[in-house]
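Input: a single structure, listed below in structure tokens.
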Amino acid sequence: MATCHISSKSRAIFAGIFSLIQALIWCAIAILGILLYTCKISVTESSGLTYLFYLVYFYIGGECGAVEIELQEDATTTRILWPTNGTAAALKTYMWIIVYLMLSLVWAISSLLFLIVTVAETRGAEGVKLRVPWLVTTAVFLILDVAGTIVYSVDISFTEDLQQLLEFVGLHHIDDTLGAYNSSSIFGSITMGPSIIATLIFSRLIIIWVLNLTLLIHIAHDVRQTEKKKALEPRQPREPYKEYLKKLSTVGPIPDVKWEPYQRKRSEVPIVKPLSKPSPPNERKRKQSDYGQYLYYARHLPQARLYDIQSETPPTAKSEITDPFAASMVDPHIPTVDYVVSESLKKEIPPGSDVIKENLQMSKNPSRGGDDLNLLY
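Residue numbers (the working numbering): 18 to 394.
What follows is the structure, encoded as structure tokens:
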């Protein structure tokens, strides 16, 4: 079909607009039918086929006044009073109109909602919930159209000639007098006209009904395929550090070490001074501190102040560091991460060592970056 060659979004937009137009047209037809049924609008005999349709399916007498029809046969004319207590066909049509009016209002609202969801490309469970009203209402209309078409197509077989038509509207008491009459100034020779018109209206000329069915099938298939693809897609793990790396790419240097905001491997860092206060359990504060922590250490790479622990006699002062690489890492102008020698190493260092004093002094000096260690937790 032609709708298969366009995108699913374009097809959905067309379906929403097309169904909205149909709903508005049916609302207008239903309101007009109610006005005719309640005699708010009058139809004259000069209207031709419209007047014939009105008499069969909308005329109930009462405030509408009495209607007489003429039966002719050669030069003889007989006038018959049309039933004024309402016919079964008129009552049936009125009930159908009320049902179609309410459903058309629902269809119009669901079509507008369907268009908004389609244009906004709403997906997931929320998108399905917002599309379901249109799918259900369209399916109900398709079923009602078939039922209405069957009901009014049956009426065609009861209105094949003038005598059957008069019996159809309830004029049974004049059956014996109808044999000699074969025409009427109102109905002419097409007595099946009202039933044919009603059948075409409820069948939506068949073409529109088939198009509605096609659109419903394609839209339902598109919604199902979209949700099926989404369900099959693996859920991506949360990796907030990747977002921070993108932001930091224009701010400062990015360390080569993978940053794990909620898991820190102690084996990758030297021994750190223990915290005087435990880390806050508040999840929001922890998440807010992640980016600040990473931003600080991206701008200020840590400078190690460690001696060679493999040497038999550890140096007692910074001036005794003979390793050129270790010496080059000591820069007094760059804030450093303060590390304290572990208790096992303290035993190997003579009391009063400058290294221990220096590290302990650094850990207590806020200007040397000691307080920045709280960002780690």
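Glycine is no exception: its CB is placed at the ideal position from the N, C-alpha and C atoms.
(message) Taking only three categories from DSSP, how would you classify E87?
(response) Under the three-state reduction of DSSP output, E87 falls in the strand class.
(message) So, with DSSP's three-state summary, where would you put L222?
(response) DSSP places L222 in coil when its eight states are reduced to three.
(message) Considering only the alpha carbon of each residue, which of L108, G78, L129, T155 lies closest to N102?
(response) Put simply, of L108, G78, L129, T155 the residue whose alpha carbon is nearest the alpha carbon of N102 is G78.
(request) Please name the residue in I234, A215, F185 whose C-alpha comes closest to that of I114. (result) When only C-alpha atoms are compared, the closest one is A215.
(message) Can you look up Q378 in the DSSP assignment and give me helix, strand or coil?
(response) Because the pLDDT at Q378 is just 47, under 50, the model does not fix this residue reliably, and the point stays unresolved.
(message) Could you compute how far the alpha carbon of G50 sits from the alpha carbon of E85?
(response) Approximately 22 Å, taken between the alpha carbons.
(message) Please state the DSSP three-state secondary structure of T94.
(response) In the structure shown, T94 sits in a strand (DSSP, three-state: E or B).
(request) Quick one: measure Cβ to Cβ for W43 and S121, integer angstroms, because I've assumed they're closer than 8 Å. (result) W43 to S121, Cβ: 4 Å. Contact.
(message) Considering only the alpha carbon of each residue, which of I48, Y74, V116, S128 lies closest to I236?
(response) Taking each of I48, Y74, V116, S128 in turn and checking the Cα distance to I236, the smallest one comes out for S128.
(message) Judging by CA-CA distance, which residue of A164, G187, L98, E177 is the nearest neighbour of A107?
(response) When the alpha-carbon of A107 is set against those of A164, G187, L98, E177, the nearest one is in G187.
(message) Pairs of beta-carbons, one from the segment 124 to 143 and one from the segment 24 to 35, closer than 8 Å: are there three or more?
(response) Contact holds between the segment 124 to 143 and the segment 24 to 35, because three or more Cβ pairs, one in each stretch, are under 8 Å apart.
(request) Would you mind reading off the limits of the alpha helix (DSSP H) that contains I124? (result) Checking the sequence, you will find Trp at residue 124 rather than Ile. W124 -> alpha helix (DSSP H) spans 105 to 137.
(request) Put S174 into one of helix, strand or coil per three-state DSSP. (result) S174: helix per DSSP, three-state reduction.
(message) Using only the alpha-carbon positions, how far apart do I160 and L88 sit?
(response) Straight-line measurement puts the Cα of L88 at about 40 Å from the Cα of I160.
(request) Please say whether L179 and T208 have beta carbons closer to each other than 8 Å? (result) Result yes, Cβ atoms of T208 and L179 sit closer than 8 Å.
(message) DSSP three-state label for L232, please.
(response) Three-state DSSP puts L232 in a helix.
(message) I'd like to know if the segment 166 to 186 and the segment 56 to 67 are in contact, where contact means that at least 3 CB-CB pairs between them fall below 8 Å.
(response) No, the segment 166 to 186 does not touch the segment 56 to 67.
(request) Check T67 in the structure and name its three-state DSSP category. (result) Residue state, collapsed to three classes: helix.
(message) With the cut-off set at 8 Å, would you say V240 and V145 are in Cβ contact?
(response) In this structure, V145 lies closer than 8 Å to V240 by Cβ.
(message) Using a Cβ-Cβ cutoff of less than 7 Å, which residues in the same chain neighbour S170 once the five nearest sequence positions on both sides are dropped?
(response) Contacts found: T216.
(request) State yes or no: is the C-beta of L53 within less than 8 Å of the C-beta of Y68? (result) Result no, Cβ atoms of L53 and Y68 do not sit closer than 8 Å.
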